[in-house]
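**Student:** Per this note's numbering, the sequence shown starts with residue 3, numbered consecutively. Don't be surprised by glycine CBs; every beta carbon is placed ideally from N, CA and C.
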Amino acid sequence: MAELHTRLRGRLRLTDEQPSAIVYDLDQLEARALELRHALPSFQHCLALKAAPFAALLPRFARWGFGFEAASLQEGLVAHQACPGATVLFDSPAKTRTEIARAEALGWVLSANSLAELERLSAPCSLRVNTLTGPGRIAHTSVADARSRFGEPHDSLPEGLDCAGWHAHIGSQGCSIEQLVLSARRLVDIARRHPSTRWINLGGGLATQDSYEAYAQALRSAVPELFSGRWTVYTEMGRSLLAASARAYSRVEYICRDVATIHLGADFLLRRVYRPDDWDYPLAALDPHFAPRMGASRPQVIAGPLCFAGDLLGSIDAPAIQEGDIIEIGLAGAYSASMWSRHCSRRMPPVYGIDATGQLQPLSAGETDADLLSLWRAPASILPTA
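1) When the Cα atoms are used, what is the spatial distance from Tyr354 to Pro155?
2) Please report the distance separating the alpha-carbon of Pro284 from that of Gly231.
3) Closer than 8 Å by C-beta to Ala166: which residues in its own chain qualify, once you throw out the five before and the five after it? Chain order, please.
4) Between Val261 and Gly267, what straight-line distance do the alpha-carbon atoms span, to the nearest angstrom?
5) Just how far apart, CA to CA, sit Arg15 and Ala334?
6) On the three-state DSSP scale, how would you describe Ile329?
7) When you compare each of Ala141, Glu101 and Ala224 to Ala122 by their alpha carbons, which one comes out closest?
8) I'd like to check one pair, Ile172 with Thr210: are the Cβ atoms closer than 8 Å?
9) Can you look up Gln83 in the DSSP assignment and give me helix, strand or coil?
10) Do you know offhand how far Ala81's Cα is from Pro301's?
11) Mark His40 as exposed unless 16 or more other C-beta atoms lie within 10 angstroms of its C-beta, in which case mark it buried.
12) Can you tell me where the alpha helix (DSSP H) holding Ala193 begins and where it ends?
13) Is Met3 buried or exposed, if buried means 16 or more other CB atoms sit within 10 Å of its CB?
14) Please report the straight-line C-alpha distance between Val145 and Pro364, rounded to a whole angstrom.
15) Starting from Ser242, trace the alpha helix (DSSP H) in both directions and tell me its first and last residue.
16) Please work out which residues of its chain come closer than 6 Å, Cβ to Cβ, to Leu189, disregarding the five sequence neighbours upstream and downstream, and give them in chain order.
17) Check the DSSP bridge columns for Asp27 and list the partner residues they point to.
18) When you compare each of Thr237, Gly176 and Gly332 to Ala248 by their alpha carbons, which one comes out closest?
19) Across which residues does DSSP place Pro294 in a beta bridge pair?
20) With the cut-off set at 8 Å, would you say Leu49 and Phe70 are in Cβ contact?
And the structure:
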């Protein structure tokens, strides 16, 4: 299949009013989702909504047999509205009593983050367990060391717990398949000691480049009980499902001393800008018609639009970038738009999908000036009086 930018020629135009856009390759997204389904067909897979909670994408995942994992009540409500009746796993570590009541009334599967939270839940639920597999390569997304605030340590659970399920999630992107499998092994060992167990939630955490088949083979080898049919087994993949299926495109507004300023920066790639040693995104330079620039390459810096010195996406070797050119940002399908920053109050760009027919399908309209004005407008009731 042709490169994504090739299929966008004549179909997507970046303008003053719309200088950036995010585009999902819907066929690539489906292939990745079905790769997971094929590798682990007996599991109930759920999409981690925090990665990209676009309501227009969710019915596709429902058709592919997926449920949804919500880290907030609002994420769960997006899934509930887009796909009524779909499985929703509600894993927020800060659920209020009101949120718990709403989630239980909607029939969601709740996971308690602690023994204290477990006391608030009335419906059958799972308890999150810290399987103590140790930190991964990226410390700030690793949540299975001894200092983690997520879950109860697996080696000190009190006797007599009567949970319907057990849940673990050890981190994102920086964790190895070996760590994920060790976590699964420890969850199953807990489940075997508790006859009340009905489900096991393995969480997510696979890196973008990881093979689902390699993960499945490792689980079959080390944790064969997961395939016995004794329990429902959930997964909560996000980045590994979504990231590679989308790219962002942003117009070059200015060139100044080999620095190309575009309209996406730390507002879009928060982690890349603030923690560049941990996160990298491939960059490419295209002409205004989405064709690669030709000519001798030289190092050039890609800068975002925000008003601080560190809003830099990286350097690329490319032919001389010109005003009006387009910078393509890869791996943009997860934890980009969903982590949008309000610094400088810039508008979130529109989001599209494209399939093999070449038709662009709107997934999100983006934001207007009116949306931003409404966001920051103070209600009259709290304005100071003379």
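**Tutor:** Taking the structure as given:
1) 42 Å
2) 41 Å
3) Pro126, Cys127, Ser128, Ser198, Thr199, Arg200 and Trp201
4) 13 Å
5) 19 Å
6) strand
7) In the sequence under discussion, the amino acid at residue 122 is Arg, which differs from the Ala named in the question. For Arg122, the nearest C-alpha among the options comes from Glu101.
8) no
9) helix
10) 44 Å
11) exposed
12) Ile179 to Arg195
13) Reliability of the predicted coordinates at Met3 is poor, the pLDDT of 44 falling under 50, and the value obtained from them is presented with this limitation in mind. It counts as exposed.
14) 36 Å
15) Arg241 to Leu244
16) Trp168, Ala170 and Ile202
17) Ile356
18) Gly332
19) Leu288
20) yes
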